[in-house]
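Below is one structure, written out as structure tokens; the observations come after it.
In mature numbering (1 follows the signal peptide of the UniProt record, and there is no 0), the protein residues as written are -20 to -1, 1 to 127.
Here it is as structure tokens:
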């Protein structure tokens, strides 16, 4: 009788050992996959990806600068603030890229204060916050294009 109990115990333990071994192996694979994903995120962050937006400044206030890549110099010429706003709503609704002046730490204050509506600029910016369609992230460099 004791022999039957021992044999039954061994027979029941063998499948448990296999189950334990298989589950720890899959858990190790999941952990290594997630570690690899973290490495790729770190690599992207370290690769310093950025965008370059070229266009005309169509709005500037103490907190934001809005750049419109598709607008032409001719469309801007001779328009006051109200006429420009009407044109932007009518023809360019929801387009353009806005930059918060608070996110321009890399830009010196003299350059920011020299910016004005109607000026063509080239802005190099990072990709932070680009899930919001009209937000351009942090401005890394601003170059005023002389025309």
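The C-beta atom is built at its ideal place from N, Cα and C for all residues, glycine as well.
All of these numbers come straight from a predicted model, not from anything done at the bench.
- A residue is called buried once 16 or more other Cβ atoms fall within 10 Å of its Cβ, and residue -14, having fewer, is exposed.
- In the DSSP secondary-structure assignment, residue 31 is bridged to 105.
- Within the model, the alpha-carbon separation for residue 105 versus residue 76 is close to 14 Å.
- Remark: C-beta atoms of residue 124 and residue 101 approach each other more closely than 7 Å.
- Judged by DSSP in its simplified three-state form, residue 95 adopts coil rather than helix or strand.
- For residue 48 against residue 72, the beta-carbon gap comes to about 6 Å, under 8 Å, which counts as contact.
- Residue burial annotation: residue 66 is exposed, with fewer than 16 other C-beta atoms found within 10 angstroms of its C-beta.
- Secondary structure note for residue 42: it is in no beta strand (DSSP E), with a DSSP letter that is neither H nor E.
- Distance from the Cα of residue 82 is smallest, within the candidate group -16, 68 and 41, for 41.
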